[in-house]
Every structure is written in structure tokens, then in C-alpha cells.
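Engineer: For the protein sequence lines, the chains are A and B, in the order given. Heads up, the working numbering is the position in the first sequence plus 6, with the first residue counted as 1. Heads up, the working numbering is the position in the second sequence plus 6, with the first residue counted as 1.
2 protein chains.
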Amino acid sequence: MFLVGIDKLIEIKKNKNKENGMKKLFWLSQIIILSLVLSGVVSAADGKVYRWKLAETWGPNFPIFGEATKSMAKMVEEMSGGRLLIRIDSANRHKSPLGIFDFVKTGRYQMGHSASYYWKGKNFNSLFFTTVPFGMTTPEQYAWFYYGGGMELMEKVYSPYGILSFPGGNTGNQMGGWFKKEINSVEDLKGLKMRIPGFAGEVLAKLGAKPTNIPSGELYTALERNTIDALEWVGPSLDLRMGFHKVAPYFYTGWHEPAAELQFMVNEKAYNKLPKDLQKILTVAMKAAAYDMYAQSYHESGKNLATLAKDYPNVKMRSFPESVMTAIKDTNAALLKEFAAKDPMTAEILKSQSEYQAKVRAWTNLSDRTYLDTSDKR
Amino acid sequence: MFLVGIDKLIEIKKNKNKENGMKKLFWLSQIIILSLVLSGVVSAADGKVYRWKLAETWGPNFPIFGEATKSMAKMVEEMSGGRLLIRIDSANRHKSPLGIFDFVKTGRYQMGHSASYYWKGKNFNSLFFTTVPFGMTTPEQYAWFYYGGGMELMEKVYSPYGILSFPGGNTGNQMGGWFKKEINSVEDLKGLKMRIPGFAGEVLAKLGAKPTNIPSGELYTALERNTIDALEWVGPSLDLRMGFHKVAPYFYTGWHEPAAELQFMVNEKAYNKLPKDLQKILTVAMKAAAYDMYAQSYHESGKNLATLAKDYPNVKMRSFPESVMTAIKDTNAALLKEFAAKDPMTAEILKSQSEYQAKVRAWTNLSDRTYLDTSDKR
């Protein structure tokens, strides 16, 4: 259409009746410009730059998690040819690591990066979109999110707040944590002061432990000074830099966060103001950055685990004994049942997850698990 | 800049010296248009539509694999606001399922969707970018591709052909195949006529089997009429529709394709002609579509496995006995060693893969595998 306009301009230029031609020319140029605007060709690339801000729970230069937000913003900038620019504010700037939900809800930030289970005080059901104790592994959970109804349930939970919620990167299976003493029986959990947030904390509390939450900057000191006896953080990918291994040598395998998925949040009104192409660019970039973070977490875990084995021979790898695992698992199941009875939405989510997990776990068992068992003895 | 132009037009319209004004107006409108073009604002969205074609190995409406290409093309169209349109030609149209490499190399098609190991006749080293027997699982392999040097090695192998190669979607762990009779010992492999392509076929041949390749449309008949005694295809996600279970009731777990990754190929020259934003849109869309395909494969596998358990009680799930697994594994290792000795590039790829696998497998064992073993007894 644009080229047709040029042709007509040239043709008219040759018109001998100059004044008349010039008049036509003027209106024609107006029409061309107007149609360009209306057609959306110019509105999509009129130099209109959308400047957004994203608030993240993490501190500046936080490895892996912080790389996911930077990578997402970079993809968006490059794919949009600079038409959507996202500035990232880390916790040192906005001073409110757990204020992300409100930032996005109110529109103070168009976007946030955090974890859904931090909002259980706002809406208890947000808890189930990060991971649940004894829940799905990461590939199982991505299948649930994108093909098993997970995204639709998450939308139901978040839409009342005008927030769009998306997977924001997976840590993979998280370790059970660093312990000063070995756990040999359920007895050993009684009175145990442990930093462990979320649903897992409630499970341990039922078994007599004293779960607590402590800001990440104070964790090492708390452990060193026996304010706590144990803590869970993430796993080899992020724990070594924290130094926990120096004061709590027992490193337990995981049960409570088998597939912790971080979260991108987008203010719905801000999203709706974007042109369609930028909306798509944003959602695809978030999706790719989230998947990538899982691959990166896997990579860093393998790498750091090798370092740990080589440079930290004092670390003792353990799994909880069967009696402890059974007690935790049963307590978890009973607690979930309690919550499901209280709220139909909780019941709907848990039903979807448990039915899906049963089905997809049969595949995990037949495929990767059997493959490892038959080809890689240990 | 565009709005400034409009303002000036309006200002000039008010000029009382009409003819002079009109002349100015004409040149001004020319200048505006020219500067829009020069500034690249319009050139990025001047209605210039890149029309590309993608040739895929698969037939029309092929589930999962064919959905990955459609989803990629749709993301590209939407993110580019229609500036990059990719037409997908399935095998019924281009008539050459295994001609994709040449289509892309020659530029007859700008893109292809296939699997790297199909090109082992062109370059033996292409074999290692799909999956290898006893190799990495899917999360391990994605970590290797994107963070462990895999992409760089793939580029080394493909760049001499002017082809850019990208992951194209993972099937997850593939099943060992459908067998008419049980395999109880290495003896039972001798003389076994089996459709099994790629490196795994060479491994079985060393153990006395008769591997063969047969087009997918003829597989069922070949199995029914005893032309072959066994075959491998994919797994529950795609096998049930083929009907193999009706004539070969033993369904064996996998060893030979623990993480089969399909492949997007792009003609390098065509890629270089795209504006930067479209290049990025294309690569991100391919990446997201590939990851998505893994999630979809996982979903379909879980779903179809449940159907199989419910509706096909005659199917007998088996794993090869330890003696057979050991023989296959040792033969595989010896064969890989042979090939590595022949070609430094093969040696480089295999070293990268085996070192990476050892490291990342330690993490798989400590995380998901231990999690399943301690929380989900079977």
C-alpha cells in the first residue's frame, strides 16, 4: 500500500495542471499517512517505545534467577527492535523482595519476577503453582502447566487481582537442606529449629519441628550461631556460595520442592495496552527464559556438585530414612486433604495435580526411571 | 518524528501563499517519507513481508512433530506482525522426507524440520546431535546443548554446509520397541530382523541381529507378515495409532534413544538477509517450540500409556535382562571408541558428551532419581 502511494505521488507530480495537482497531492499524502496509521503498520513501528519496569524478589546480580529476567528482557528488546524495553529493579532498588505481588497488582511495576508460593497470605491457592511436597518433577509439571490444565487453573487464581501469571524458570529438584546433625528417626525432628518456608514448614511443624523463615542474608549466621539447627535453600546450583557446608555438614536429598517454578507476573491492564505483536513477543520470551532457566539450573547443579565432591570432602550426603519419609509423606497428604475440604478451588487444583501426577508418573517410571535403573547401576 | 511531520503539514496548510505552500508541502511529504525509509522505522515495518518455506520430514497432520513446526510458524507470524510468514510443506508435498538437508543446503527451502541423525550419510558426526544409545536424558541433554558446549559443536559440524542447526523438539526417552517374542538372552538377538535405524542398529548388528530400515507406512504390514520380528518407533505418544501392539505384544523399555531431539535447519544465507529483529524472533520461536514439544511428548506419553494400560491388556511391558543390557552397552562403548579413533571431530564431540554426562548424571542421580526412589516406591 505504501508503494502504491509513492507511485501515485509521482504520477500526479507530472500533472500539468499544477495547482490542482498540488491540492490532490496534499490530500493524497494526508490519506496515505492516515491509512498507514489506521492500518496499524505505522502504529506498530511508529517509534512508539513502551518502557516497562520489572521488580524482582532477588538481589542484584543474583545468579540463575536474575539471569532469567535479564535474558527475558534482552529477548524482548531484540525481538521488538527496541519497541518494548524492560528495566529490571532488583531488591536493593525497590526494597521490598516480597512486595512484588502488590507492585504488579497496583501497576507500580508492569512486571514482576518472584515465586507464586510467596503469596499464600494473599491467596492460599497461589501455593500450588510453584511446587508441592511429593509433587511432580519438572518435566511432569511443565506438561501439566501447558498441556494438563495448569495454566488455566493459575489464571483462575490470579485473574481477580488483574495479574497475569506465567512460569518463570525452574530450579529442578531442590535438596532437603543442610543439617548440623543426622536425622535418623521422626524423634529427631522434634524441636528441630529449621528455616523452611511454605507448605513443607507446616508439614514439619505437625511432626514437632519448629519451622521458621529468615531472610537469606542472615541464614549463614543463624546456622553458625545455632539460632537454627538446619535450613533448606535450593541445592548445589546456589547453595555453595552461601557457605552452609562449613557449619552444617549433612546435606539431605529432597522431598519438599521437587520442581520449584519461579513466576513472571504481568499487570493485565498494561499488557492489554500493548500491540498484539508485542504481547506475543513478551509471552514467548517469558516462556523461553523460563525453560532456559531449568536447563541452566541443571547445568549449574551438575557443575557445582562436581566441585562439592572434589573440594568439600567433609559434606555428607544423606537421604532421610524410610520411617521419616513415610511420616512426612502421610502428614503432607493429610494436610492437603484438610485444605482441600476448606476451599473448592483448592480441591479443584489438588484434584487436577494428583490425577495428572498419577498418569504422568507412570510414564516417568517406565521411561527415564527404568532407563536409569537398567543402564546406570549405582 | 512522524508526528512532527504532521504538525508541519498542518502549519503549511494554513499558508496563504497557496501555490508556494503546496510546493513546499509536496517536497516536505517526500522528505518525510524518505526519512521514514532511511531511519529504518518503515523499513522494519514497511509491509516488506518475508515469505519462507519449511520442508518437514513428516507427513501432513503428523501429531506432535508436525505441531511443533506449526506452532513455531504461528509464533513467528504473530511476533513479527506478519512480516515473516513460513509455509510448511509436509512430505506429501515435497515428496522427499529424507531430502530436507539438501533442500535447506541449496536454499530451495529456507527451513527444514527433521532429525540430525538422518544425515549420517552426509556427515557422520551429525549422528550425535539427536541422541546416542546410553546417552543423556532430555534435561541433561538440553543443559549440554545450551550450557555445556553442544550448540557450538553442532555449529562446527553444520557450518560447512551453510546450514544453521537448532534443537527441534524432544520426544523424551524412546521405548526399546515392539517384539513378537521375548528377549531372554543375547542368543535371542541373533538373526533377529528388526527395524531400528541409526547407531543402535549398528550395535545390534554386532550382536548378530539383522537391523533394517523400512518406511513408516509399511511398518505394520512388515511386522504382521513376519518380514521383521521387531521394530522400534517412538513410544506411547506416537505408537498406539500405528497398531503395532496387535501383532507384537512385547513392549520393551528404552536404551537406544534416551532423548531424541528433532532439528530445525535454516539456510544461512536466507537467515542473514533477515533484519535483526526477525532473526531473533525466528531463533526464539524455534527454541520455545522445541521445548514445548518435549512437554507435549511427556503429556501424550502419560495420556496414551494410561489408555494402553486400560484398553490393551495384552501388551506385555518388559525390560531387557541385565545380560542383554550389559552386552549392548559394552558393544556400544566399543563402537563409539572405534569411530572416535577415526575422526578428531567425532572424538571431540564424544569427549564433550561423555564428560558432561558423567557430571550431570551425578546430579540426576542425587535429585530426581533419589527423589523417586525415596518418595515413590514401586
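C-beta: ideal position from N, C-alpha, C; glycine also.
With a threshold of 6 Å on Cβ separation, who are the neighbours of Glu-134/A within its own chain once the five nearest residues in sequence on each side are excluded?
Structural biologist: In the sequence on display, residue 134/A carries Phe and not Glu. Ile-355.
Engineer: Kindly list, in the order they appear in chain A, the residues whose Cβ is closer than 7 Å to that of Phe-140/B.
Structural biologist: Residues of chain A passing the Cβ test: Ser-381.
Engineer: How close, in whole Å, do the beta carbons of Phe-109/A and Ala-61/A come, if the pair is a contact with beta carbons under 8 Å?
Structural biologist: About 5 Å; that satisfies the 8 Å criterion.
Engineer: Check whether the Cβ atoms of Trp-261/A and Phe-140/A lie closer than 8 Å to each other.
Structural biologist: Yes, Cβ-Cβ distance for Trp-261/A and Phe-140/A is below 8 Å.
Engineer: Just to confirm my understanding: we take Trp-369/B, look at its own chain, exclude 5 residues before and 5 after, and list those with CB closer than 8 Å. What are they?
Structural biologist: There are no such residues.
Engineer: So for His-100/B, helix, strand or coil by DSSP?
Structural biologist: His-100/B falls in the helix class under three-state DSSP.
Engineer: Mind the definition here: the segment 189–197 of chain A touches the segment 205–224 of chain A only if three or more C-beta pairs lie below 8 Å; say whether that holds.
Structural biologist: Yes: the two stretches touch, three or more of their Cβ pairs being nearer than 8 Å.
Engineer: Smallest Cα separation from Lys-101/A: which of Gly-156/A, Pro-66/A, Val-55/A?
Structural biologist: The candidate whose alpha carbon is nearest that of Lys-101/A is Pro-66/A.
Engineer: Give me the chain A residues within the contact set of Asp-298/B, using Cβ-Cβ distance strictly less than 7 Å, ordered along the chain.
Structural biologist: Here the neighbours are Tyr-152.
Engineer: Does Gly-175/A come out as helix, strand or coil in the three-state DSSP assignment?
Structural biologist: Three-state result, Gly-175/A: strand.
Engineer: To be precise: take each residue of the segment 307–327 of chain A, compare its Cβ to all Cβ atoms of chain B, and keep it if any distance is under 8 Å. Which residues remain?
Structural biologist: Taking 8 Å as the Cβ-Cβ cut-off against chain B, the residues of the segment 307–327 of chain A that qualify are Ser-307, Gly-308, Lys-309, Leu-311, Ala-312, Ala-315, Met-323, Ser-325, Phe-326.
Engineer: Take the Cβ of Thr-289/A as the centre, count every other Cβ of all protein chains shown within 10 Å, and call the residue buried at 16 or more, exposed below.
Structural biologist: Answer is buried; the Cβ neighbour count reaches 16.
Engineer: Between the alpha carbons of Gly-183/A and Ser-191/A, how many angstroms are there, rounded?
Structural biologist: Looking at the two C-alpha atoms, the distance is approximately 16 Å.
Engineer: Give the secondary structure of Pro-145/B by DSSP, where H, G and I count as helix, E and B as strand, and everything else as coil.
Structural biologist: Helix.
Engineer: 8 Å is my cut-off, CB to CB: does Pro-203/A come that close to chain B?
Structural biologist: Closer than 8 Å: no.
Engineer: Please list the residues of the segment 238–261 of chain B that have a C-beta atom closer than 8 Å to any C-beta atom in chain A, keeping them in chain order.
Structural biologist: For the segment 238–261 of chain B, which is checked against every Cβ of chain A, the residues closer than 8 Å are Gly-241, Pro-242, Thr-259, Gly-260, Trp-261.
Engineer: Runs of 4 residues minimum, wholly inside the segment 228–296 of chain B: which ones carry the alpha helix (DSSP H) assignment?
Structural biologist: The qualifying runs are 242–245, 274–279.
Engineer: According to DSSP, what are the bridge partners of Ile-94/B?
Structural biologist: Per DSSP, Leu-60/B.
Engineer: For my contact list, Ser-120/B and Gln-359/B are in at a C-beta cut-off of 8 Å; report their separation, rounded to the angstrom.
Structural biologist: At roughly 21 Å, the Cβ-Cβ gap does not stay under 8 Å, so Ser-120/B and Gln-359/B are not in contact.
Engineer: Expressed to the nearest angstrom, what Euclidean distance is found between the alpha-carbon atoms of Asn-310/B and Met-351/B?
Structural biologist: The alpha-carbon atoms of Asn-310/B and Met-351/B are separated by roughly 40 Å.
Engineer: At least one CB of chain A closer than 8 Å to the CB of Met-117/B: is that the case?
Structural biologist: No, Met-117/B does not count as interfacial toward chain A.
Engineer: Does Lys-316/B pass the burial test, meaning 16 or more other C-beta atoms within 10 Å, or should it be called exposed?
Structural biologist: By the 10 Å Cβ count, Lys-316/B comes out exposed.
Engineer: Should Ser-41/A be flagged as near chain B, meaning a C-beta pair shorter than 8 Å?
Structural biologist: Confidence in Ser-41/A is poor, its pLDDT being 46 and thus under 50, which makes the residue's placement too unreliable to answer from.
Engineer: Quick one, are the C-beta atoms of Ser-243/B and Thr-136/B less than 8 Å apart?
Structural biologist: No; because the gap between Cβ atoms is not below 8 Å, this pair is not in contact.
Engineer: With a threshold of 8 Å between beta carbons, is Trp-369/A in contact with chain B?
Structural biologist: Cβ-Cβ to chain B under 8 Å: yes for Trp-369/A.
Engineer: Per DSSP, which residues does Thr-218/B bridge with? Please list them.
Structural biologist: Thr-218/B pairs with Arg-201/B.
Engineer: Is any beta-carbon of chain A found at less than 8 Å from that of Asn-278/B?
Structural biologist: So, not an interface residue.
Engineer: Starting from the C-beta of Asp-2/B, find all residues in its chain whose C-beta is less than 6 Å away, skip the five residues before and the five after it, and write them out in chain order.
Structural biologist: Residue 2/B is absent from the structure shown; chain B starts at 7 and stops at 384.
Engineer: Between the Cα of Gly-223/A and the Cα atoms of Ala-206/A, Phe-250/A, Asn-129/A, which residue gives the shortest distance?
Structural biologist: Comparing Cα positions, the closest option is Phe-250/A.
Engineer: Short of 8 Å Cβ to Cβ, which residues in the segment 96–110 of chain B face chain A?
Structural biologist: The segment 96–110 of chain B vs chain A, Cβ under 8 Å: nothing.
Engineer: Determine the DSSP secondary structure at Leu-195/B, reduced to helix, strand or coil.
Structural biologist: Note: Leu-195/B maps to helix in three-state DSSP.
Engineer: For Arg-375/A and Leu-378/B, which I take to be in contact (beta-carbon distance under 8 Å), what is that distance rounded to the nearest angstrom?
Structural biologist: Yes, Arg-375/A and Leu-378/B are in contact; Cβ-Cβ is about 6 Å, under 8 Å.
Engineer: How about Ala-295/B and Met-160/B: are their beta carbons less than 8 Å apart?
Structural biologist: No, they are not a contact pair.
Engineer: In chain B, which residues lie less than 8 Å from Asn-179/A when you measure between Cβ atoms?
Structural biologist: Result: Ser-373, Asp-374, Tyr-377.
Engineer: Which bits of chain A does Tyr-148/B rub up against, with CB to CB less than 7 Å?
Structural biologist: Within 7 Å Cβ-Cβ: Ala-301.
Engineer: By a C-beta neighbour count over all protein chains shown, 10 Å radius and 16 as the cutoff for buried, is Leu-42/A buried or exposed?
Structural biologist: Confidence at Leu-42/A is low in this model, with a pLDDT of 46, below 50, so the placement of that residue should be treated as unreliable; the coordinate-derived value is given next. When all chains shown are included, Leu-42/A counts as buried.
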